[in-house]
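For the sequence shown, our numbering gives the first residue as 2, with consecutive numbering after it. Just so you know, even glycine gets a beta-carbon here, dropped at the ideal spot from N, CA and C. For clarity, every value in this text was computed on a predicted model and none was experimentally measured. Report on the following structure.
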Amino acid sequence: MRQARLKAPKHHQVAYYHCVSRVVDRTFRLQEQEREMFVGLMRMYEEFGQLRVVTYCVLANHFHVLVQVPRRPQVMPAEQEVVGIVRRAFGKAAAWKLQEELEHFHKIGAHAEAQKIIDGLTARTWDVSAFMKSLKQRFTQWFNKCQKRKGTLWEERFRSTLVEGGGVALAMVAAYVDLNPVRARLVSDPKDYRWCGYAAAVAGVRRAREGIEVAVRAYWEGRKAPYGVLESYRQMMFTWGVKSKVDAEGRTRGAIRQEDYAEVVRSGGKLPVAELLRCRVRYFTDGAVIGSKCFVDAMFKSHRRRFGAGRKDGARKVRGLLKAKEDDAGLYSMRDLRVDVFGPRG
Numbered sequence: 002m003r004q005a006r007l008k009a010p011k012h013h014q015v016a017y018y019h020c021v022s023r024v025v026d027r028t029f030r031l032q033e034q035e036r037e038m039f040v041g042l043m044r045m046y047e048e049f050g051q052l053r054v055v056t057y058c059v060l061a062n063h064f065h066v067l068v069q070v071p072r073r074p075q076v077m078p079a080e081q082e083v084v085g086i087v088r089r090a091f092g093k094a095a096a097w098k099l100q101e102e103l104e105h106f107h108k109i110g111a112h113a114e115a116q117k118i119i120d121g122l123t124a125r126t127w128d129v130s131a132f133m134k135s136l137k138q139r140f141t142q143w144f145n146k147c148q149k150r151k152g153t154l155w156e157e158r159f160r161s162t163l164v165e166g167g168g169v170a171l172a173m174v175a176a177y178v179d180l181n182p183v184r185a186r187l188v189s190d191p192k193d194y195r196w197c198g199y200a201a202a203v204a205g206v207r208r209a210r211e212g213i214e215v216a217v218r219a220y221w222e223g224r225k226a227p228y229g230v231l232e233s234y235r236q237m238m239f240t241w242g243v244k245s246k247v248d249a250e251g252r253t254r255g256a257i258r259q260e261d262y263a264e265v266v267r268s269g270g271k272l273p274v275a276e277l278l279r280c281r282v283r284y285f286t287d288g289a290v291i292g293s294k295c296f297v298d299a300m301f302k303s304h305r306r307r308f309g310a311g312r313k314d315g316a317r318k319v320r321g322l323l324k325a326k327e328d329d330a331g332l333y334s335m336r337d338l339r340v341d342v343f344g345p346r347g
């Protein structure tokens, strides 16, 4: 029996999760039309789930979503508030249908039945698992209908990493997500890849820009950024972005350049953040938690029962990482080595 997903403790005001899911057999099924539909459904369930997508990237055989999940309120929304949520997420027709159903039950005195409907809807809000389940299921239904196919589209469960919301961790994971099409050699600049959060923000999509702003604010931790939101984020990405040597035909070459060698000598062999993003993908996709030492150890204590008795703490330093800022205390990761948190990898 698989364990429940590792999540932030309930007393946390907000939690951040980097979620990844792959197409079954990792085949390249998601073309332009499919990616457009996926982003549209993602925004729909983002609104319904009462959470925020910080950034995302949809590729041909998998997707990344970095999501901000506020703590579930102690007092759940009243009936008309829920109708409003449905209206904003799914449109007037869906809200009208819900309203009509609720009024029917109230009219015949079946108030408990009306409340059951409301409870069923609110149970799917403020929860990363419910968001991902709804998004993946709804997309699969649409995809199967269009392709005249049956069966599952996604590999097992989605994988998730709990990310600290302050310091460099959130901004770094956001940059990792938006740099995916650059690492895949689809574009040389993430602004040119239509199905990622940064490109959408540059194109003027309000919610995409607001998500990027969350990452930038986290990076500067209450201090004023020296540039605008998109300018600051772009500098982060290009500072951390992978620089590859390209031949005359535009193909990436793997030869070590003299200037790269000199930089390795100068830095004492430490990897810049750019190389971490390229070479140490496991921290961002296979880790259970990523953030400062204090944050990772706190999550370890909250989920102590998941680990073997011999393990004394949770934080493991991400090695070989140059500081992104002078006051960085370092980045730490925790992997759940006793069990496979995310289910079979395929």
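In this structure the stretch 91-104 does not lie against the stretch 64-71, because fewer than three pairs of beta carbons, one per stretch, are closer than 8 Å. For Ser161, the enclosing beta strand (DSSP E) covers residues Arg160 to Val164. Between Val129 and the set Met238, Val21 and Thr240, the nearest pair of CA atoms involves Val21. The Cβ-Cβ distance between Phe91 and Met133 does not fall below 8 Å.
In this structure, DSSP gives Arg30 a state outside helix and strand, which the three-state scheme calls coil.
When the Cα atoms are used, Val76 and Met238 turn out to be separated by approximately 40 Å. Each residue's CA atom was taken as its position, placing Val84 and Ala209 some 25 Å apart. Here the stretch 60-67 lies against the stretch 161-178, with 3 or more beta-carbon pairs under 8 Å apart.
The straight-line gap separating the alpha-carbon atoms of Leu60 and Pro182 is approximately 8 Å. The beta strand (DSSP E) runs of length 3 or more contained entirely in the stretch 159-226 are, from start to end of the chain, 160-164. As DSSP reads the structure, Gln69 sits in a beta bridge with Tyr17 and Arg53. Judged by DSSP in its simplified three-state form, Met77 adopts coil rather than helix or strand. Residue range Tyr333 to Met335 is occupied by the beta strand (DSSP E) that includes Tyr333. Contact check for Tyr234 against Val215 fails: the beta carbons are separated by 8 Å or more.
Cα atoms of Arg186 and Ala115: separation of roughly 52 Å, rounded to the nearest angstrom. Rounded to the nearest whole angstrom, the C-alpha separation of Gly292 and Val87 is 34 Å. Per DSSP, Thr123 is one residue of the alpha helix (DSSP H) stretching across His112 to Thr123. Partner residues in the beta bridge of Val24, as assigned by DSSP, are Trp155. For the pair Val178 and Tyr57, the CB atoms are nearer than the 8 Å cut-off. By a beta-carbon distance limit of 8 Å, Val24 does not contact Trp143. Their separation comes to about 14 Å.
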